[in-house]
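Presented below is the structure to which this report refers.
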């Protein structure tokens, strides 16, 4: 009989241990969540005044309408003056500023192979 009592005592211990972990609704209740939901339900948004936007928002004004371009009144004389004028060329400046020396391919390669020494301040 002692084996039967030992087995019954072992089973009763397992059932009491498993019963101590309850998954009822009371055990799963979250206090912080309840407080948060209660505060959200009680919150009332402040009522904004009707003239609250004054001074913050600028009044919209349309830009001025552009004027149509006007043709010159004396167009014929301006065109004849343009036709009679000589175009201004600056070939003298180009020749004076950059003398062209044709040294051939060898001179070009020497320039490329030369060490470039930049002085830094």
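Numbering (the numbering used here), first residue to last: 1022 to 1142. All C-beta atoms, glycine included, are put in the ideal place defined by N, C-alpha and C. As the structure is a computational prediction, the values presented were derived from the model and not from experiment.
Please report the residue range of the alpha helix (DSSP H) in which residue i lies.
i	result
residue 1140	Note, residue 1140: premise wrong, no alpha helix (DSSP H); not H, not E.
residue 1128	1125 to 1134
residue 1105	1096 to 1105
Check the DSSP bridge columns for residue i and list the partner residues they point to.
i	result
residue 1143	What is shown of the chain runs 1022 to 1142, which leaves residue 1143 out entirely.
Can you tell which of the options has the C-alpha that lies nearest to the C-alpha of residue i?
i	options	result
residue 1062	1068, 1069 and 1054	1054
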